[in-house]
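Asker: With UniProt numbering as the guide, the letters of the sequence shown map in order to residues 1 to 452.
What follows is a structure written as structure tokens; I'll ask about it next.
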Amino acid sequence: MAAVSPAAVVTAKQDKRPMCKYGEKCYRKNPNHLREYRHPNKPESEEQQSQNDQDNTEPSSKKPKLDPHKTGSISDDDDDDDVSRESGKTSDDAKQQDESVPGTSGESSKPVNEESQDKCEEELTLTPPPSPEDIKDNIREKFLFDMPDDFYELWKFCEATHPENPTNCFSDVLGFQLVGPFDILAGKHKQLNGKNSKGRYPNYLIHWRYYLDPPEFQTVIRGNDTTQFHLGYFRDVPTEAPVFVAANSAKEGPAIIPRGENLFAALSFYLGENIKSKKLFKPKQPAALQLQSDLTEWAKKLNFNLELKTKSMKERDKKTVCKAFHGAGIVVKLDKNEVGYRPIPETPAALKKMFQKILDSKTEEDRNQNFEPLQELMTLIQFANDECDYGEGLELGINLFCFGGDIFNSTIQFLLPLAYQLLQHPQFSQIITEHLKHRKMSALPHELNELN
């Protein structure tokens, strides 16, 4: 057993600082926090260094304000204490709670999407993505996923029926455009001739990735820009085939609604709905009927199931451990002892209320106080991770992601990449990290296109 120096004992006895309420589980490295609170087994050098930092810092006669127009940015104007809903900007001193939770004022003042932006942009400018000759390998290199057979068959169908512009095969009737990995089949990456309008090589991990698209959801069809309606594949495991095709309208909320297990089923459904609703102009109705007939015939020849809810989708529903805020459910592989997931000890309604209070905080002091329940959940998740119940962190991270609000980005960055890594889904981890660097609630649909 290592000997304890008399000096260390005296120092501990004389230390009048309060004990950090999170004890050994506190992961904060912020000098202010280390200076103001004691920690069990905390190396003396760390806390001494934080004290030295304080001694070498000039006191400021005027406290900088957080700019309400940029998350975490500093402003010299201290006349306005108002905050925006999305950013949660405030101007009071940070307390212990904010230094215990990523995303509060004890964290870096830059949000995830600004903090890593410069480095990300530089890397993407210098390094073009791989472009293998084989089209399937090409898409996998760019998007990290293997695309299913119905993806390639739908492209063949579109080429056959609209050879002049396959990506707009469903544009006249449904207002749909094929995007995402379809852009590679269309050769749009070659037309770009290098860098895009942003002055860098395309980042395909965020190509047509909407604000509320979790890593499991991959957009392949763009719809109404007003509601930001889009269709995409949903995967539980990045190295496996999608479990279904789903729809989301980002401006209306995070709901991910299954629409069959392949693109033919989803498109057949929307064609049928448009025809039945009689929303189409009469001159377009014959074209819609013909397109639906051709699509159905093509699918049946290839034995694609056109049911909206297939047997495999129902079986998958039984495997979900929770619905999550997007409603599509989360699947976490459990071992024979049911280890892998434990539920968040809060109801969905209570979580939403908790998150909303954080967003509505008017001062930094209020925000820090309102963050405390979230910190407690994150502490429980650390315990869960220690005991291999990785799904709890995934659930909380997804719920924060779906709830929205840029103030949560750094907290999501703390939760989700780690959860995906622990669940052995590194592709999802990479995607969420890239998405958070660029994620903006105000982004317009055309800004999601990395190939213009």
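Glycine included, each C-beta is placed from N, C-alpha and C at the ideal position.
The structure presented is a predicted model; accordingly, all values stated were derived computationally and were not measured.
Excluding sequence positions up to five away, which residues of its chain have a Cβ less than 8 Å from the Cβ of GLN97?
Answerer: Taking the sequence shown and counting its residues from 1, the one referred to as residue 97 is at position 97. With a pLDDT of 40 at GLN97, under the threshold of 50, the modelled position of that residue is not reliable, and the figure given next carries that caveat. Excluding positions up to five away in sequence, the list reads THR104, ASN368, GLN369, PHE371, GLU372 and GLN375.
Asker: Between TRP155, PHE403, ASP134 and LYS142, which lies nearest to TRP298 when the distance is taken from Cα to Cα?
Answerer: Here residue 298 corresponds to residue number 298 of the sequence shown, with the count starting at 1. Nearest of TRP155, PHE403, ASP134 and LYS142 to TRP298, Cα basis: TRP155.
Asker: Report buried or exposed for HIS438, applying the criterion of at least 16 other Cβ atoms within 10 angstroms of its Cβ.
Answerer: Within the sequence shown, the letter at position 438 stands for residue 438. The residue is buried, with at least 16 neighbouring Cβ atoms inside 10 Å.
Asker: Check whether the stretch 312-329 and the stretch 253-261 touch, using three or more Cβ-Cβ pairs below 8 Å as the test.
Answerer: Cβ pair count under 8 Å is three or more, so yes.
Asker: So CYS322 is in the beta strand (DSSP E); what residue range does that whole segment cover?
Answerer: The count along the sequence shown starts at 1 and reaches residue 322 at position 322. That run of the beta strand (DSSP E) goes 320-322.
Asker: Could you tell me which of PRO130, ALA246 and TYR152 sits nearest to PHE143, measuring between CA atoms?
Answerer: Within the sequence shown, numbered from 1, the residue matching residue 143 stands at position 143. Checking every option, the nearest Cα to that of PHE143 belongs to PRO130.
Asker: From LEU400 to ARG222, what distance separates their C-alpha atoms?
Answerer: Indexing the sequence shown from 1 puts residue 400 at position 400. Indexing the sequence shown from 1 puts residue 222 at position 222. Going from the Cα of LEU400 to the Cα of ARG222 covers about 25 Å.
Asker: So PRO286 and PHE428 are supposed to be a Cβ contact under 8 Å. How far apart are they, rounded?
Answerer: Here residue 286 corresponds to residue number 286 of the sequence shown, with the count starting at 1. Here residue 428 corresponds to residue number 428 of the sequence shown, with the count starting at 1. Not quite, the Cβ-Cβ distance comes to about 44 Å (not below 8 Å), so this is no contact.
Asker: If I follow the unbroken alpha helix (DSSP H) through LYS380, where does it start and stop?
Answerer: Numbered from 1 along the sequence shown, position 380 holds the residue referred to as residue 380. According to the sequence displayed, residue 380 carries Leu and not Lys. Where LEU380 is concerned, the enclosing alpha helix (DSSP H) stretches over 364-386.
Asker: If we ignore side chains and look at the alpha-carbon of each, how far apart do TRP208 and VAL179 end up?
Answerer: As a working mapping, residue 208 is identified with position 208 in the sequence shown. As a working mapping, residue 179 is identified with position 179 in the sequence shown. C-alpha separation (whole angstroms): 7 Å.
Asker: Go to PHE264, then tell me how far its alpha helix (DSSP H) extends in each direction, as first and last residue.
Answerer: Here residue 264 is taken as the residue at index 264 of the sequence shown, counted from 1. Element bounds for PHE264: 263-277.
Asker: Taking the alpha carbon of GLN424 as the reference point, which residue from ALA160, PHE264, TYR390 and PRO345 has its own alpha carbon closest?
Answerer: Here the question's residue 424 lines up with position 424 in the sequence shown. Of the listed residues, the one whose Cα sits closest to GLN424 is TYR390.
Asker: To which residues does DSSP link ILE221 through a beta bridge?
Answerer: As a working note, residue 221 is residue 221 in the sequence shown. For ILE221, which the question treats as bridged, DSSP gives the partners LEU178 and LEU231.
Asker: Roughly how many angstroms separate the alpha carbons of PRO343 and CYS322, rounded to a whole number?
Answerer: For the purposes of this step, residue 343 is taken as residue 343 along the sequence shown, with counting starting at 1. For the purposes of this step, residue 322 is taken as residue 322 along the sequence shown, with counting starting at 1. The alpha-carbon atoms of PRO343 and CYS322 are separated by roughly 8 Å.
Asker: If GLU450 and PRO202 are in contact, beta carbons under 8 Å, what's the gap, nearest whole angstrom?
Answerer: Indexing the sequence shown from 1 puts residue 450 at position 450. Indexing the sequence shown from 1 puts residue 202 at position 202. With 8 Å as the limit, GLU450 and PRO202 qualify as a contact, their Cβ atoms being about 4 Å apart.
Asker: For the ligand ATP, is there any heavy atom lying closer than 7 Å to the beta carbon of LYS301?
Answerer: The ligand ATP is absent from the structure shown, which contains no ligands of any kind.
Asker: What residue range does the alpha helix (DSSP H) around ASN399 cover?
Answerer: Against the sequence shown, residue 399 aligns to sequence position 399. Its alpha helix (DSSP H) spans residues 391-403.
Asker: If I measure Cβ to Cβ from PRO249 and keep anything under 7 Å in the same chain, skipping five residues before and after, which residues do I get?
Answerer: Here residue 249 corresponds to residue number 249 of the sequence shown, with the count starting at 1. What sits at residue 249 in the sequence shown is Ser, not Pro. Around SER249: THR227, GLN228 and PHE229.
Asker: Does DSSP put SER131 in a helix, in a strand, or in coil?
Answerer: The residue labelled residue 131 in the question sits at position 131 within the sequence shown. Reduced to three states, the DSSP call for SER131 is coil.
Asker: PHE403 to SER410, Cα distance in whole Å?
Answerer: Within the sequence shown, the letter at position 403 stands for residue 403. Within the sequence shown, the letter at position 410 stands for residue 410. Roughly 14 Å separates the two Cα atoms.
Asker: By the three-class DSSP mapping on this structure, what secondary structure does PRO238 have?
Answerer: Counting from one through the sequence shown, the residue named residue 238 turns up at place 238. Three-state DSSP puts PRO238 in coil, outside helix and strand.
Asker: Would the stretch 264-271 count as touching the stretch 289-303 if we require 3 or more Cβ pairs under 8 Å?
Answerer: Result yes; three or more Cβ-Cβ pairs closer than 8 Å.
Asker: Do you know offhand how far GLU447's Cα is from GLU338's?
Answerer: Within the sequence shown, the letter at position 447 stands for residue 447. Within the sequence shown, the letter at position 338 stands for residue 338. Whole-angstrom Cα-Cα distance: 43 Å.
Asker: Hey, is the stretch 347-366 in contact with the stretch 228-245, meaning 3+ C-beta pairs nearer than 8 Å?
Answerer: Because the criterion of three Cβ pairs below 8 Å is not met, the stretch 347-366 and the stretch 228-245 do not touch.
Asker: At which residues does the beta strand (DSSP E) containing ASN248 begin and terminate?
Answerer: Stepping through the sequence shown from its first residue, residue 248 is reached at position 248. Run containing ASN248: 244-249, per the beta strand (DSSP E) assignment.
Asker: Using DSSP with H/G/I as helix, E/B as strand and the rest coil, what is residue 538?
Answerer: Any answer about residue 538 is impossible in this case: the structure gives the chain only from 1 up to 452.
Asker: Who pairs with PRO214 in a beta bridge, going by DSSP?
Answerer: Numbered from 1 along the sequence shown, position 214 holds the residue referred to as residue 214. Paired residues: none, contrary to the question.
Asker: Taking the alpha helix (DSSP H) that LEU308 falls in, what are its first and last residues?
Answerer: Indexing the sequence shown from 1 puts residue 308 at position 308. Segment: none, LEU308 is in no alpha helix (DSSP H) and carries neither H nor E.
Asker: Note the first and the last residue of the continuous alpha helix (DSSP H) segment covering ALA414.
Answerer: Here residue 414 refers to the residue found at position 414 of the sequence shown. Here the sequence assigns Phe to residue 414, which means Ala is not the residue at that position. 409-422 is the extent of the alpha helix (DSSP H) around PHE414.
Asker: Please state the DSSP three-state secondary structure of PRO345.
Answerer: By one-based count along the sequence shown, residue 345 stands at place 345. In this structure, PRO345 counts as coil in the three-state DSSP scheme.
Asker: Please list, in chain order, all residues of the same chain as LYS251 whose beta carbon is under 8 Å from its beta carbon, the five residues on each side excluded.
Answerer: By one-based count along the sequence shown, residue 251 stands at place 251. Cβ neighbours of LYS251 beyond the five flanking positions: THR226, THR227 and GLN228.
Asker: Of the choices LEU415, ASN303 and GLU395, whose alpha-carbon is the least far from that of ASP149?
Answerer: For the purposes of this step, residue 149 is taken as the residue at position 149 of the sequence shown. Measuring from the Cα of ASP149, the nearest candidate turns out to be ASN303.
Asker: When you compare the CB positions of ILE206 and GLU434, do they come within less than 8 Å of one another, or not?
Answerer: Residue numbering aside, residue 206 sits at position 206 when the sequence shown is read from its first letter. Residue numbering aside, residue 434 sits at position 434 when the sequence shown is read from its first letter. Cβ distance < 8 Å, so ILE206 and GLU434 count as in contact.
Asker: At the level of alpha carbons, what is the spacing between ASP421 and GLN430?
Answerer: By 1-based counting over the sequence shown, the position of residue 421 is 421. By 1-based counting over the sequence shown, the position of residue 430 is 430. Sequence inspection shows Gln at residue 421; the Asp mentioned does not correspond to that position. The straight-line gap from Cα to Cα measures roughly 9 Å.
Asker: Enumerate in chain order the residues of its own chain whose CB-to-CB distance from ALA247 is below 6 Å, with the five nearest sequence positions on each side excluded.
Answerer: Your numbering for residue 247 matches position 247 in the sequence shown. Excluding positions up to five away in sequence, the list reads LEU231, ILE257 and ARG259.
Asker: Is ASN305 closer than 8 Å to ALA265 when the C-beta atoms are compared?
Answerer: Residue numbering aside, residue 265 sits at position 265 when the sequence shown is read from its first letter. Residue numbering aside, residue 305 sits at position 305 when the sequence shown is read from its first letter. It is a contact, given that the beta carbons lie within the stated cut-off.
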